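Enquirer: The structure that follows is given in the form of C-alpha cells.
There are 2 protein chains.
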Amino acid sequence: MPVNRKASGKRAVVIKALAHSSRLLIAEALMEGEMCVCDLRDLVGADMSTVSKHLSLMREAGVLSCEKRGLNIYYRLACDCLGDFLRCVDQIAPGKKCAAKSCC
Amino acid sequence: MPVNRKASGKRAVVIKALAHSSRLLIAEALMEGEMCVCDLRDLVGADMSTVSKHLSLMREAGVLSCEKRGLNIYYRLACDCLGDFLRCVDQIAPGKKCAAKSCC
DNA sequence: CATCTATTTGGCTAAATGACCAAATAGATG
DNA sequence: CATCTATTTGGTCATTTAGCCAAATAGATG
Chain R
1 MPVNRKASGK RAVVIKALAH SSRLLIAEAL MEGEMCVCDL RDLVGADMST VSKHLSLMRE
61 AGVLSCEKRG LNIYYRLACD CLGDFLRCVD QIAPGKKCAA KSCC
Chain L
1001 MPVNRKASGK RAVVIKALAH SSRLLIAEAL MEGEMCVCDL RDLVGADMST VSKHLSLMRE
1061 AGVLSCEKRG LNIYYRLACD CLGDFLRCVD QIAPGKKCAA KSCC
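Residue numbers (the working numbering), protein chains in the order written: chain R, 1 to 104; chain L, 1001 to 1104.
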C-alpha cells in the first residue's frame, strides 16, 4: 500500500463523496436499487437543488452513475463493493476508548 | 442494510475521519505499524498542532488508538480492516464516465 | 524540584462546504 | 411549436473545517 500524497488525494475524493450523512443515506438507499432524484429528495428531506448537488458530487467522484428514462433521471451505485466498505466502517465503533487524552 | 438517518450519521463520522488527504495519508502510513506524532508531522509536513488535531479527530471517531511510551505518544490503527475499505475505494476510479450532464 | 521535550489546547483567520431560493435547461408531451 | 416537468445551475449566506501561532500540560530526566 503506497504512502504518497497524490494517491491519498485521489482516494480522499471518493471517501469525501460518502462522508456526509445525506450522501451516505443516498448511497445506502441505492444499495437496494436505482432511484430517481425526486425519490431521493423525499428520502433526504432537503431541497431538490441540494440533493441534486450531492448527486453531482457523488457522480463526479465515481460513486454513482445515472441514466435518463422518460421524465426522470435514475441514479445507481457505480460499484457493488459498498457493502464491504460499510462492514469496515461498522467495525470502527465510534470510540468509547481513547476519546480523551486521559487514555494516553 | 438499514436506510435510516441515525445510523448513517454514525457511519459518516467514521468516514469523515478518513475523508481528508492528510488524515488518509496518516491512516495509510499506520497500516505499516505505529508511529509517534513527530514522525507523522514529518510525513504530513504540517504544523505539529495541525497534525495533533487530525489525530484527535481520528481517535474520537474510533479510527485510531494511542499509547504513551517514554517521551512519545504512539498512534496506531484501531481496526485492521482498512485494507478492505481501501480496496473498495480504489475500485471506484474517480469518474471518467458520467462526469458531466451530457451523459444522462 | 526545576527543567526539558513531546504533545495538546485555545484563539484566530482563511477557505471550503452545505443549504436555500430563483432562474436556466433538457427533454417529453399536447 | 408551446408548454410542462424533472433536474441542474448560479448566487448568496451561514456554518464548519483546516491551518498556523502562542500558550498550556504531562510526564521524563537531571
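Virtual Cβ for every residue (Gly too), placed ideally from N, Cα, C. Note that the structure is a prediction, hence the values are computed from the model and not measured.
(1) Nearest chain R C-beta to GLU1034 of chain L closer than 8 Å, yes or no?
(2) Please list, in chain order, the residues of the segment 11-29 of chain R that have any C-beta partner in chain L closer than 7 Å.
(3) Since SER1008 of chain L meets chain R, which of its residues come closer than 7 Å, beta carbon to beta carbon?
(4) Taking just the CA atoms, how far does LEU1086 of chain L sit from ALA7 of chain R?
(5) Which residues share a DSSP beta bridge with ILE73 of chain R?
(6) Go through its chain and collect everything with a Cβ distance to LEU25 of chain R's Cβ below 7 Å, but skip five positions before and after it.
(7) Counting contacts by CB-CB distance shorter than 8 Å, is ASP84 of chain R in contact with chain L?
(8) Apart from the five residues on each side of it in sequence, which residues of its chain come closer than 8 Å, Cβ to Cβ, to LEU55 of chain R?
(9) Is LEU1030 of chain L near LEU1077 of chain L, with beta carbons less than 8 Å apart?
(10) How many whole angstroms separate the CB atoms of ALA12 of chain R and SER1052 of chain L, which I take to be in contact at a CB cut-off of 8 Å?
(11) Closest by CA to GLY1033 of chain L, which one among L:VAL1089, L:LEU1082, L:CYS1088?
(12) Exposed or buried, ARG69 of chain R, counting other C-beta atoms within 10 Å across all chains shown (16 or more means buried)?
Expert: From the atom records:
(1) As a working mapping, residue 1034 of chain L is identified with position 34 in the second sequence. Not an interface residue.
(2) ARG11, ALA12, VAL13, VAL14, ILE15, LYS16, LEU18, ALA19, HIS20, SER21, LEU24, LEU25, GLU28, ALA29
(3) In the second sequence, residue 1008 of chain L corresponds to position 8, counting from 1. Simply SER21, LEU24, LEU25, GLU28.
(4) Counting from 1 along the first sequence, the entry for residue 7 of chain R is found at position 7. Counting from 1 along the second sequence, the entry for residue 1086 of chain L is found at position 86. So the alpha carbons of these two residues sit roughly 11 Å apart.
(5) Translated into positions along the first sequence, residue 73 of chain R becomes position 73. ILE73 of chain R pairs with R:LYS68.
(6) Within the first sequence, numbered from 1, the residue matching residue 25 of chain R stands at position 25. Contacts found: LEU43, VAL44.
(7) Your numbering for residue 84 of chain R matches position 84 in the first sequence. For ASP84 of chain R, the answer is yes, since a Cβ of chain L falls inside 8 Å of its Cβ.
(8) Position 55 of the first sequence holds residue 55 of chain R. ILE26, VAL37, LEU40, LEU64, CYS66, TYR75, listed in sequence order.
(9) Start at 1 with the first residue of the second sequence, and residue 1030 of chain L comes out as number 30. Start at 1 with the first residue of the second sequence, and residue 1077 of chain L comes out as number 77. Their beta carbons are under 8 Å apart, which means LEU1030 of chain L touches LEU1077 of chain L by this criterion.
(10) Taking the first residue of the first sequence as position 1, residue 12 of chain R is located at position 12. Taking the first residue of the second sequence as position 1, residue 1052 of chain L is located at position 52. Contact flag wrong, Cβ pair sits at about 20 Å.
(11) Sequence index remark: in the second sequence, residue 1033 of chain L carries index 33 (1-based). Checking every option, the nearest Cα to that of GLY1033 of chain L belongs to L:LEU1082.
(12) Residue 69 of chain R sits at position 69 when you count from the first residue of the first sequence. Answer is exposed; the Cβ neighbour count stays below 16.
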